[in-house]
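Below is one structure, written out as structure tokens, with a few remarks after it.
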Amino acid sequence: MRILLAVFCLLMSLGLQASPLNHLLPVRLDPVLLVVVAWSVSTGAREGALFGLAAGACQDLLIGDGLLFTLPKLAVGLLAGSLKPILYYRQAFIVLPLVIACTVLQEALVMVGFGLTGRGWLVQHLGTILLPESLGNAIIAWPVYHALRLALKLTQDRWGMRAESLGG
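Heads up, the sequence shown is in the numbering used here, so the first residue is 376 and it goes up one at a time.
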């Protein structure tokens with residue numbers, strides 16, 4: 376059930392990222408990053424890294440740009456997931472500065488990727504796009520985090536009926 380939820384969240388965030396709705400807003404948002412951060416904080420470092428890797432690979436397939444988003448999303452998932460043991464689940468507002476930090480990390484890694492592939496270092500990108508994008512992501516991060524936590528809670532294995540516990 377959790378895998379279906381992960382696929383659903385990933386497809387919805389990719390659909391929102393590629394939709395014209397994202398281009399109509401004055402600030403371009405990154406719903407894939409928001410879902411990666413929310414999933415990672417809710418599930419831990421290992422699942423967060425795997426979800427970030429899958430989300431980045433799907434985003435690269437959608438955009439067609441090599442591994443430009445795969446490795447930054449993997450790093451974001453690992454970083455956000457490693458904070459799960461020290462976060463209390465009611466500290467939901469910690470997600471806001473975490474999303475800002477993860478947006479800065481992702482954009483810095485994407486800029487390094489642009490530099491390594493010969494497209495140049497987009498330094499002006501950091502001031503004109505990074506600040507509005509990170510603030511826009513932080514604004515909608517809180518409802519995304521709570522919705523995903525609720526969905527994960529509803530899909531948890533309450534009675535221990537997993538296949539490995541049944542001897543299969």
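All C-beta atoms in this analysis are idealised placements derived from N, C-alpha and C, irrespective of residue type, glycine included. Keep in mind that this is a model prediction, so the values were computed, not measured.
Are residue i and residue j touching if we call contact CB-CB under 7 Å?
i	j	result
V551	V412	The chain is shown from 376 up to 543; residue 551 falls before or after that span and cannot be answered.
R403	E482	no
V416	S388	no
T418	G431	no
V451	C477	yes
A424	L449	yes
G456	A420	yes
Cα separation between residue i and residue j?
i	j	result
L471	A516	6 Å
G441	L399	27 Å
L454	P395	30 Å
T530	L506	35 Å
C384	I438	18 Å
Q466	K459	11 Å
A381	F426	8 Å
P489	R524	Per the sequence shown, residue 489 should be read as Phe rather than Pro. Those two C-alpha atoms are separated by around 34 Å.
Starting from residue i, trace the alpha helix (DSSP H) both ways and give me its first and last residue.
i	result
M387	R377 to A393
G452	T445 to S457
L527	L506 to L529
May I ask you to report which of helix, strand or coil DSSP gives residue i?
i	result
D435	helix
T492	coil
R421	helix
V485	helix
V402	coil
L408	helix
L473	helix
L614	Any property of residue 614 remains undetermined from this structure, which presents the chain solely from 376 to 543.
L462	coil
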